[in-house]
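Protein chains in written order, with the working numbering: chain A, 47 to 483; chain X, 1148 to 1403. Even glycine gets a Cβ: it sits at the ideal position worked out from N, Cα and C. As the structure is a prediction and not an experimental result, all values here were calculated from the model. The structure appears below as structure tokens.
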């Protein structure tokens, strides 16, 4: 296939084309800058931890002089440009770019240095490249065409494949390893991990373990406080049905919604895009609110400890989660049969009924069962915020620890019941999913 | 009117103007013809076929089907036009998890009452003709099997039965036998030939093997880089023309 002919007078590249060439270059540089920025942040944090004798303020935080932050910004910028000019940085690598000489020749060190110096001006002038076809910082892909230019360009498929080097022999491999190490070190410090404390204070929780492993089933079928609370079995049933209601009705609502959130069904016109975007945003927003947070709201709404609150919270979250998973399945269907059914003169929704639904049913069932597992687990602890279910007893006994001698033994009994039920339901759903698979 | 399809200056550009799949193509197809499209992979055969029923939107040019402009048809008109143009595919494009019968019946979706079709209910005569068409392609006993339980050749025959359900004026076959072995290829091609001769359905088929094109086509259209490089009778393709269509290094492979 060849390129379409375009008249000589008109610009060969449209603004979109220029942007398409420029975008990866800008993003690659931004990524390199951000990664150096992260290193700067890490160094500052660690300095703060280990070097707090001087230069700390009242709160024990490292203080910088007035020129400190500008200096950090400039330094990371310089470092990013250095790694951009002299190495195959992670940014360049991620976007498939490389620094080339004319005709894809390798670039000698002297020219790389010149490149680094030129970048100080070039990066600022880069946006101008949007308005011209001249190889301003090499906008045009083909290095053959730009003659003597040294430039960053996409790695072409035709280039002979180089023997890949081991990760520790490349700049980006070492850089990434360094980043990973720094992140781990930071994480260790930020989450206040202290193994010494873990060992020293081992005795503190010793008796709890003992009690938990000698569960007392006093209230297996007897209510704890007659008239106010119920038995373990009762709460367990409440939990199971809460999860069941949330899963089934959530799946029923999510089923039609999933088509509205699938790009291949909604089409590529303005209306389709709008509905698709609104639905996807809604799913993502709703999904990012954990059901336990929703339960806080519903517990106030319908009453603290009312299983209806938990069921509602799980139901809402299930709709969002399943709609997202379902619509991804709809987008992944084989487009061939849809094409075939559309050619018979079928309407769009007939294509969905005959082409899409038969293809997605197995994965719909599998995802629903998977969601049922999640809902069961969630329903066991949703009582923490007043959502009802078995957690009510769990937290009741936990809060009685000072007043009741066998509180931990009672908690143990609840946990045993919980483990058995969750395990059994998991096992069943795993078997069913296997059958569908 | 003798002419079923008239394609005028058809152009299709892909990928933000980077790839020209069809370059200003014009030709006509007469009623009752068996037109074979040949050409290398990527020469634009599939794009051309898909432009005719607008599975792909053409960039420029127009296509007249029985005097009606397909490229300007509204969604409703397009559905009515598509009922008259059936298509079979290289990968058969059956709904794999549905039964053979449902796949065949889906050929009627353009005609039946849409409400009834939503609950998979088809008129009695459609059911009868579905069985009749399965009988015709020689697999009546497979009706209740799932489509993916069938062999490749059988699946393509289901595809043909689905096309027959439309009672089409035109059958487009997009490399119908590329995924099949030579023996099965001939049996599938013979069903197409039968439709062409007995039912008077005009056929446009893209084929990879020139020997098949010579054996079944009444006329041949060769594409290269999105343009027509040859148009004429199968017997007119000699060594020289062959090299022109397929390139200098190509050798002809026979399928018997």
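Checklist entry - Among 1333(X), 1318(X), 1316(X), which has the Cα closest to the Cα of residue 1324(X)? => result Closest in alpha carbon position to residue 1324(X), among 1333(X), 1318(X), 1316(X), is 1333(X).
Item to check | Where the beta strand (DSSP E) containing residue 197(A) begins and where it ends | outcome: Looking at the DSSP string, the run of the beta strand (DSSP E) that includes residue 197(A) is 197 to 200.
Next on the checklist: Ignoring anything shorter than 4 residues, give me the alpha helix (DSSP H) runs that lie fully in the stretch 1321 to 1354 of chain X, in order along the chain.
Outcome noted: For the stretch 1321 to 1354 of chain X, whole alpha helix (DSSP H) runs of length 4 or above, ordered along the chain, are 1329 to 1345.
Checklist entry - So, residue 1257(X) versus residue 1313(X), is the Cβ gap smaller than 8 Å? => result The answer is yes: Cβ separation under 8 Å.
Checklist entry - Is the Cβ-Cβ distance between residue 391(A) and residue 1309(X) less than 8 Å? => result Not a contact, by the Cβ cut-off of 8 Å.
Next on the checklist: So that I know if they touch, is there some Cβ in chain A lying closer than 8 Å to that of residue 1212(X)?
Outcome noted: Chain A, which has no Cβ nearer than 8 Å to the Cβ of residue 1212(X), makes this no.
Checklist entry - Would the beta-carbon of residue 1335(X) fall within 8 Å of that of residue 1343(X)? => result No. Outside cutoff.
Checklist entry - Would DSSP call residue 1167(X) helix, strand or coil? => result In the structure shown, the three-state DSSP call for residue 1167(X) is strand.
Checklist entry - With a CB to CB cut of under 7 Å and the five nearest residues on each side skipped, what residues in its chain are close to residue 228(A)? => result Answer for residue 228(A): 85, 88, listed in chain order.
Checklist entry - Does DSSP put residue 299(A) in a helix, a strand or coil? => result Helix at residue 299(A).
Checklist entry - Which term fits residue 247(A), buried or exposed, when burial requires 16 or more other beta carbons within 10 angstroms of its beta carbon? => result Exposed is the call here.
Checklist entry - If the cut is a Cβ gap below 9 Å, which residues of chain A does residue 1208(X) touch? => result Going along chain A, no residue has its Cβ under 9 Å from residue 1208(X), so there is no contact; the nearest lies around 14 Å.
Item to check | Within 7 Å of chain A by C-beta, residues of the stretch 1255 to 1285 of chain X in sequence order | outcome: Only those residues of the stretch 1255 to 1285 of chain X whose C-beta falls short of 7 Å from the nearest C-beta of chain A are listed: 1256, 1257, 1261, 1264, 1265.
Next on the checklist: Let's test the definition: count the other Cβ atoms within 10 Å of the Cβ of residue 1200(X) and tell me whether it reaches 16, buried, or not, exposed.
Outcome noted: By the 10 Å Cβ count, residue 1200(X) comes out buried.
Item to check | When 326(A), 271(A), 265(A), 361(A) are compared against residue 288(A), the one with the closest alpha-carbon | outcome: Of the candidates 326(A), 271(A), 265(A), 361(A), the one whose C-alpha sits nearest the C-alpha of residue 288(A) is 361(A).
Checklist entry - Within 8 Å (strictly less), CB to CB, does residue 389(A) reach chain X? => result Closer than 8 Å to some Cβ of chain X, the Cβ of residue 389(A) qualifies, so yes.
Item to check | Those runs of the alpha helix (DSSP H) which lie wholly inside the stretch 304 to 361 of chain A and span at least 4 residues | outcome: Listed in chain order, they are 309 to 312, 316 to 334, 337 to 348.
Item to check | Per-residue contacts from residue 399(A) into chain X (C-beta, under 7 Å) | outcome: Correct list: 1265.
Item to check | Alpha-carbon to alpha-carbon, residue 177(A) and residue 77(A) | outcome: Approximately 24 Å, taken between the alpha carbons.
Item to check | Sequence ranges, beta strand (DSSP E) only - wholly within the stretch 363 to 441 of chain A, length at least 3 | outcome: Entirely contained in the stretch 363 to 441 of chain A, not one beta strand (DSSP E) run reaches 3 residues.
Checklist entry - CA-CA distance, residue 413(A) and residue 473(A)? => result Distance between residue 413(A) and residue 473(A), taken at the CA atoms: about 15 Å.
Checklist entry - What is the C-beta distance between residue 332(A) and residue 321(A), in whole angstroms, given that I count them as a contact (C-beta under 8 Å)? => result That pair is no contact at about 16 Å.
Next on the checklist: Under DSSP, the alpha helix (DSSP H) around residue 84(A) begins and ends at which residues?
Outcome noted: Under the DSSP assignment, residue 84(A) falls in the alpha helix (DSSP H) whose first and last residues are 61 to 96.
Next on the checklist: For chain X, check one thing: does any of its Cβ atoms lie closer than 8 Å to the Cβ of residue 405(A)?
Outcome noted: Taking 8 Å as the CB threshold, residue 405(A) lines the interface with chain X.
Next on the checklist: Applying the 10 Å Cβ sphere with the 16-neighbour rule, what's the burial state of residue 79(A)?
Outcome noted: Taking all protein chains shown into account, residue 79(A) has 16 or more neighbouring C-beta atoms within 10 Å of its C-beta and is therefore buried.
Checklist entry - Which runs of the beta strand (DSSP E) fall wholly inside the stretch 1229 to 1260 of chain X and span at least 3 residues, in chain order? => result Scanning the stretch 1229 to 1260 of chain X for uninterrupted beta strand (DSSP E) segments of 3 residues or longer gives 1232 to 1235, listed from N- to C-terminal end.
Next on the checklist: Check whether the stretch 339 to 357 of chain A and the stretch 425 to 435 of chain A touch, using three or more Cβ-Cβ pairs below 8 Å as the test.
Outcome noted: With a cut-off of 8 Å, the stretch 425 to 435 of chain A and the stretch 339 to 357 of chain A count as touching, because enough Cβ pairs lie within range.
Checklist entry - Where do the ends of the alpha helix (DSSP H) carrying residue 1291(X) lie? => result Here residue 1291(X) belongs to no alpha helix (DSSP H), and DSSP marks it neither H nor E.
Next on the checklist: I'd like the span of the beta strand (DSSP E) that includes residue 1158(X), first residue to last.
Outcome noted: Counting along the chain, the beta strand (DSSP E) containing residue 1158(X) begins and ends at 1150 to 1161.
Next on the checklist: So if I threshold CB-CB distances at 7 Å, which residues from the stretch 1286 to 1300 of chain X count as touching chain A?
Outcome noted: The stretch 1286 to 1300 of chain X vs chain A, Cβ under 7 Å: nothing.
Checklist entry - So which residues of chain A does residue 1342(X) contact, with C-beta pairs closer than 9 Å? => result None at all; the shortest Cβ gap to chain A is about 16 Å.
Checklist entry - For residue 1150(X), which option in 1338(X), 1160(X), 1170(X), 1177(X) has the closest C-alpha, if you only look at C-alpha atoms? => result For the options 1338(X), 1160(X), 1170(X), 1177(X), the alpha carbon positioned closest to that of residue 1150(X) is the one of 1177(X).
Checklist entry - Where does residue 1388(X) sit, in a helix, a strand or coil, going by DSSP? => result Residue 1388(X): helix per DSSP, three-state reduction.
Next on the checklist: Relative to the C-alpha of residue 1240(X), which candidate in 385(A), 134(A), 230(A), 376(A) has its C-alpha closest?
Outcome noted: Comparing Cα-Cα distances from residue 1240(X) to each of 385(A), 134(A), 230(A), 376(A), the minimum goes to 385(A).
Next on the checklist: Quick check: is the beta carbon of residue 1154(X) nearer than 8 Å to any beta carbon in chain A?
Outcome noted: Not closer than 8 Å to any Cβ of chain A, the Cβ of residue 1154(X) fails to qualify, so no.
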